[in-house]
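In terms of this note's numbering, the sequence shown opens at residue 534 and continues consecutively.
For glycine and all other residues, C-beta sits at the position ideal for the given N, C-alpha and C.
Okay, structure first, notes after.
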Amino acid sequence: MKRYIFLPFVAIILILAACSGGSNENEISKNNLKQKIKQMEDSISKIQSDPQTGGKLPTLTNIELINRLTAYYQAFPKDEYSADCLFKIHMKFGELNAHDKSVAYGDTLLSIFPNYKNKDFLLESMASAYDIYILPRDTSKVRHYYDLLLKDNHVTDSKKKDIRARLNHLNLTFDEYILQLNSPVIQ
């Protein structure tokens, strides 16, 4: 009789242990992924600071970092660290001149984490990508991201003035705009 009482008790303990172990495994997995990202970032820093390599980073190294950042984001999409991962992916794709992918990850970051700590930098990067790198230029996208940036309370008045000036001359390419700014005749 004692055996019949004991078996359900053991089963309940095993079930509770299995349920509580999942969150611990989740933390181990998070920490493991973060550690792999940090190792890759450290390796990249070493390569970039090495005078023998001239700071030239192999493309595969960047792709490996992107893969690790993406793995973290996909495993923990709502985690705050995922916002940093998305931001780093955005920046890395920009460095690789994969601007379409860069802005796609930037948009993902803005939609999931609308109050991201580096939102002003991200918005400026997005506007610049559409203004300078993505062809044909999409001035509606440039205007969209600059308008969002103008609404950001962290942007200085001086920066807002520069943004408004750029918006007033969106008919010019970025290079044409810079030439106009540097010309002795004010137009």
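- [ ] Would you check if the distance between the CB atom of R676 and the CB atom of L700 is smaller than 8 Å?
- [x] As a working mapping, residue 676 is identified with position 143 in the sequence shown. As a working mapping, residue 700 is identified with position 167 in the sequence shown. Going by C-beta atoms, R676 is nearer than 8 Å to L700.
Task: Within 8 Å, strictly: CB atoms of A662 and V636 - done: Along the sequence shown, read from residue 1 onward, the residue named residue 662 stands at position 129. Along the sequence shown, read from residue 1 onward, the residue named residue 636 stands at position 103. Yes, the Cβ-Cβ distance between A662 and V636 is below 8 Å.
TODO: Indicate whether I580 and T594 have their beta-carbon atoms separated by less than 8 Å.
DONE: Here residue 580 refers to the residue found at position 47 of the sequence shown. Here residue 594 refers to the residue found at position 61 of the sequence shown. Yes.
TODO: Classify S716 as helix, strand or coil using the three-state DSSP reduction.
DONE: In the sequence shown, the residue the question calls residue 716 occupies position 183. In this structure, S716 counts as coil in the three-state DSSP scheme.
Task: C-alpha gap between N704 and R670, whole angstroms - done: The residue given as residue 704 occupies position 171 in the sequence shown. The residue given as residue 670 occupies position 137 in the sequence shown. About 10 Å.
TODO: Count the other C-beta atoms from every protein chain shown that fall within 10 angstroms of the C-beta of E560, then say buried if there are 16 or more, exposed otherwise.
DONE: Here residue 560 corresponds to residue number 27 of the sequence shown, with the count starting at 1. With fewer than 16 Cβ atoms within 10 Å of its Cβ, E560 is classed as exposed.
Open item on the list: Excluding the 5 residues flanking L602 on each side, which residues of the same chain have their C-beta closer than 7 Å to its C-beta?
Closed with: Indexing the sequence shown from 1 puts residue 602 at position 69. Apart from the 5 residues on each side of it in sequence, L602 sits with its Cβ closer than 7 Å to the Cβ of I570, C618, K621 and I622 in its chain, given in chain order.
TODO: Could you check if A660 is buried or exposed, using at least 16 other CB atoms within 10 Å of its CB as the buried criterion?
DONE: For the purposes of this step, residue 660 is taken as the residue at position 127 of the sequence shown. Burial call: buried.
Open item on the list: Suppose the cutoff is 6 Å on Cβ atoms and the five residues either side in sequence are ignored; what does the same chain contact list for K634 look like?
Closed with: As a working note, residue 634 is residue 101 in the sequence shown. These residues qualify, in order along the chain: F626.
TODO: Just confirm the distance between the C-beta atoms of D640 and V688, as a whole number of angstroms; I'd bet it's less than 8 Å.
DONE: In the sequence shown, residue 640 corresponds to position 107, counting from 1. In the sequence shown, residue 688 corresponds to position 155, counting from 1. Actually they do not touch by this definition, with Cβ atoms about 20 Å apart.
Task: Within 8 Å, strictly: CB atoms of K674 and L683 - done: Stepping through the sequence shown from its first residue, residue 674 is reached at position 141. Stepping through the sequence shown from its first residue, residue 683 is reached at position 150. In this structure, L683 does not lie closer than 8 Å to K674 by Cβ.
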